[in-house]
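Note that the sequence shown covers residues 1 to 121 in our numbering. See below for the structure under consideration.
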Amino acid sequence: MKCMQCGMENTNDSVYCVGCGAKLTQSNQSNTQQYAISGAPSIVCELNLAQRAAKLLMVLMTVFQGILILPLFWWLPMTITYCNGVNHGRRVGSAMIAWTILLGNPYAGILMCMGDRQNSK
């Protein structure tokens, strides 16, 4: 039987640890997995169902949020191009308006059409 405090091996019928004198109990013989790190105290890590579910959801949401960041690489250049064009008085192309309406923000695309129409008068 192994002592949980000092890690010393004792005989199975021992009541007290030979190394540190701590009382040995049946809980010292639990069948839980232990991962020992050299130089660190031994810690028993058991995850219950709620903790495993939370861990799974955190990993899934991390992957999902990573996928959602990809459109940023599309919208950032479009936004910069539009803002620079408007600031310099250039006309917005119909392809830019169509892609804005189809892929992202229909309201912004409609407002692009209206703003372009007001400037041409």
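Virtual Cβ for every residue (Gly too), placed ideally from N, Cα, C. Note that the coordinates shown come from a computational prediction; the quantities given were computed from them, not determined experimentally.
Cα-Cα separation between residue i and residue j, rounded to whole angstroms
i	j	result
Arg91	Phe73	23 Å
Ile69	Pro77	14 Å
Asn87	Gln51	52 Å
Thr100	Ala108	7 Å
Thr122	Leu47	No statement about residue 122 is possible, as the shown extent of the chain runs from 1 to 121 and does not include it.
Lys2	Gly19	10 Å
Met112	Leu56	42 Å
Ala53	Val63	16 Å
Gly93	Ile67	29 Å
Met4	Val15	13 Å
Leu102	Leu60	28 Å
Met114	Pro106	12 Å
Leu49	Ala22	33 Å
Ala95	Met58	39 Å
Burial state of residue i, where buried means 16 or more other Cβ atoms lie within 10 Å
i	result
Cys17	buried
Gln29	Note that Gln29 scores a pLDDT of 47, beneath 50, so its modelled location is shaky; the value from the coordinates is reported in the next line. When all chains shown are included, Gln29 counts as exposed.
Leu24	buried
Three-way DSSP call (helix, strand, coil) for residue i in this model
i	result
Lys2	strand
Glu9	strand
CA nearest to the CA of residue i, picked from the options
i	options	result
Pro164	Asp13, Gly104 and Met96	Residue 164 lies beyond the stretch modelled for the chain, which goes from 1 to 121, so this question has no answer here.
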